[in-house]
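Asker: In the working numbering, the protein residues as written are 6 to 299.
So that we are looking at the same thing, I have put the structure below in structure tokens.
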Ligand code: AMP
């Protein structure tokens with residue numbers, strides 16, 4: 006497996022793969038790889054001729070008071086994981102190479118970047134969209150693989166790709182959870198044993214909400230209050246139900262939605278979500294067809 010450090014080398018490697026007629030899958034990560042990342046890498050390896058895993062802790066998506074300096078960095082073991090899963094290359098540029106002197110250009114995805122995590126982290130999606138655009142330009146993948154765990158991120162990237170004509174397919178895959186329901190996250194390692202136990206109310210609340218939705222509840226306010234009451238021991242940032250594409254709050258569930266939560270457990274901010282789409286009712290046969298069968 007190849008480790009690539011510069012944009013120029015990445016571009017060159019990617020050109021060689023294309024010239025050899027190979028499809029390229031990209032899995033963007035910040036490292037500290039876990040089974041959630043592994044599910045994306047496996048999906049890409051299964052489908053593509055070559056898979057690139059980028060490992061880059063992106064300074065542009067952290068505010069000064071956030072955990073950029075302390076974010077877990079486990080590069081050697083990450084490379085071992087990528088290699089064992091069949092990845093062809095790890096792309097790990099330096100922050101200096103990505104954001105050189107007088108760096109000035111950022112991508113903003115209006116509206117979609119504003120609510121949910123964008124409310125408490127206003128810098129965040131601008132940083133994410135910018136770095137993903139830069140990765141796309143250097144790697145030039147056919148498809149890029151993201152986790153639905155970061156549902157707003159997947160929606161922002163999908164819109165960026167559509168609006169800026171990237172011509173890259175975005176594949177979003179289900180959230181991988183621990184047996185007890187906790188969504189895997191590189192930040193889970195910040196949790197003390199007792200905080201980890203407290204964090205379980207997040208997935209418990211989401212699963213109970215899914216039961217309400219499946220039982221036919223369509224009032225977003227009622228679901229949100231149930232979720233909030235299950236999570237009352239945590240410092241809630243938001244609990245909201247949004248349209249799955251637009252990321253705008255809905256009052257009634259009439260189309261595909263995401264129920265998304267963010268909360269602090271001690272000093273650790275965790276996010277999680279579920280998606281829900283109404284089952285399409287079978288299309289009734291046209292009146293004439295029905296009467297002729299009768
Ligand atoms: P990160 O390293 O946290 O930036 O995440 C890199 C990618 O892995 C993103 O597309 C995340 O959505 C995805 N990811 C993170 N946690 C999970 C998980 N528990 N299940 C599935 N995908 C995940």
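Ideal Cβ placement from N, Cα and C applies to all residues, glycine included.
Please list, in chain order, all residues of the same chain as residue 119 whose beta carbon is under 7 Å from its beta carbon, the five residues on each side excluded.
Answerer: Locating residue 119 in the chain shown gives position 114, where the first residue counts as 1. There are no such residues.
Asker: On the DSSP letters alone, give me the boundaries of the beta strand (DSSP E) that residue 50 sits inside.
Answerer: The count along the chain shown starts at 1 and reaches residue 50 at position 45. That residue, residue 50, is in no beta strand (DSSP E); its alpha helix (DSSP H) goes 40 to 52.
Asker: Kindly confirm or deny that the region 103 to 121 and the region 75 to 87 touch, where touching means at least three C-beta pairs closer than 8 Å.
Answerer: No, they do not touch.
Asker: With a cut-off of 8 Å on the beta carbons, I'd call residue 175 and residue 141 a contact; round off their distance for me.
Answerer: For the purposes of this step, residue 175 is identified with residue 170 of the chain shown, where counting begins at 1. For the purposes of this step, residue 141 is identified with residue 136 of the chain shown, where counting begins at 1. Actually they are not in contact, since the Cβ atoms of residue 175 and residue 141 sit about 10 Å apart, beyond 8 Å.
Asker: List the whole-angstrom C-beta distance separating residue 56 from residue 26, where the pair is believed to meet the contact cut-off of C-beta under 8 Å.
Answerer: Sequence index remark: in the chain shown, residue 56 carries index 51 (1-based). Sequence index remark: in the chain shown, residue 26 carries index 21 (1-based). At roughly 16 Å, the Cβ-Cβ gap does not stay under 8 Å, so residue 56 and residue 26 are not in contact.
Asker: In the structure shown, what three-state DSSP assignment does residue 202 receive?
Answerer: To locate residue 202, count along the chain shown from 1; it is residue 197. In this structure, residue 202 counts as helix in the three-state DSSP scheme.
Asker: Tell me which same chain residues have a C-beta within less than 8 Å of the C-beta of residue 239, skipping the five on either side of it?
Answerer: By one-based count along the chain shown, residue 239 stands at place 234. Once the five neighbours on either side are set aside, the close Cβ partners of residue 239 are 203, 204, 206, 207, 268, 269, 270.
Asker: Measuring straight from C-alpha to C-alpha, what distance separates residue 99 and residue 9?
Answerer: One-based indexing of the chain shown puts residue 99 at position 94. One-based indexing of the chain shown puts residue 9 at position 4. If you take the alpha carbons of residue 99 and residue 9, they lie about 10 Å apart.
Asker: With a threshold of 16 other CB atoms inside 10 Å of the CB of residue 237, please say whether the residue is buried or exposed.
Answerer: Here residue 237 corresponds to residue number 232 of the chain shown, with the count starting at 1. So residue 237 ends up on the exposed side.
Asker: If I follow the unbroken alpha helix (DSSP H) through residue 278, where does it start and stop?
Answerer: As a working note, residue 278 is residue 273 in the chain shown. No alpha helix (DSSP H) contains residue 278, which is instead part of the beta strand (DSSP E) from 273 to 281.
Asker: Please work out which residues of its chain come closer than 6 Å, Cβ to Cβ, to residue 22, disregarding the five sequence neighbours upstream and downstream, and give them in chain order.
Answerer: If you number the chain shown from 1, residue 22 lands on position 17. Hits under 6 Å: 29, 55.
Asker: Hey, residue 211 and residue 266: beta-carbon distance below 8 Å or not?
Answerer: As a working mapping, residue 211 is identified with position 206 in the chain shown. As a working mapping, residue 266 is identified with position 261 in the chain shown. Contact: yes.
Asker: Out of curiosity, what's the CA-to-CA distance linking residue 220 and residue 213?
Answerer: Numbered from 1 along the chain shown, position 215 holds the residue referred to as residue 220. Numbered from 1 along the chain shown, position 208 holds the residue referred to as residue 213. Rounded to whole angstroms, residue 220 to residue 213 spans 11 Å at the Cα level.
Asker: Could you tell me the distance, in whole angstroms, from the CA atom of residue 49 to the CA atom of residue 280?
Answerer: In the chain shown, residue 49 corresponds to position 44, counting from 1. In the chain shown, residue 280 corresponds to position 275, counting from 1. Computed Cα separation, rounded: 22 Å.
Asker: Whole alpha helix (DSSP H) runs in the region 118 to 181 with 4 or more residues, listed along the chain?
Answerer: If we require 4 residues or more, the alpha helix (DSSP H) runs fully inside the region 118 to 181 come out as 122 to 125, 129 to 144, 156 to 168.
Asker: Short check: CB of residue 45 to CB of residue 32, under 8 Å?
Answerer: Position 40 of the chain shown, counting from 1, holds the residue named residue 45. Position 27 of the chain shown, counting from 1, holds the residue named residue 32. Yes, Cβ-Cβ distance for residue 45 and residue 32 is below 8 Å.
Asker: Which class does residue 15 belong to by DSSP, given the choice of helix, strand or coil?
Answerer: Against the chain shown, residue 15 aligns to sequence position 10. Residue state, collapsed to three classes: helix.
Asker: DSSP beta-bridge partners for residue 254?
Answerer: Working through the chain shown from its first residue, we reach residue 254 at position 249. Answer is 247.
Asker: Residue 275 and residue 191 look like a contact to me (Cβ under 8 Å); what is the Cβ gap, rounded to whole Å?
Answerer: By 1-based counting over the chain shown, the position of residue 275 is 270. By 1-based counting over the chain shown, the position of residue 191 is 186. Going by Cβ atoms, the distance from residue 275 to residue 191 rounds to 11 Å, so no, they are not a contact pair.
Asker: Counting along the chain, where does the beta strand (DSSP E) carrying residue 3 start and finish?
Answerer: As shown, the chain starts at 6 and ends at 299. That puts residue 3 outside it, with no answer to give.
Asker: Under 8 Å, with one C-beta from each stretch per pair, do the region 221 to 234 and the region 254 to 262 reach the 3-pair mark?
Answerer: In short, these stretches touch, since the Cβ pair count reaches three.
Asker: Counting C-beta neighbours from all protein chains within 10 Å, is the total for residue 155 16 or more, i.e. buried, or is it exposed?
Answerer: Counted from its first residue, the chain shown places residue 155 at position 150. The residue in question, residue 155, is buried, as its Cβ has 16 or more Cβ neighbours within 10 Å.
Asker: Quick one, which of 250, 15, 68 has its alpha-carbon nearest residue 164's?
Answerer: Position 159 of the chain shown, counting from 1, holds the residue named residue 164. It is 250 whose Cα lies nearest to the Cα of residue 164.
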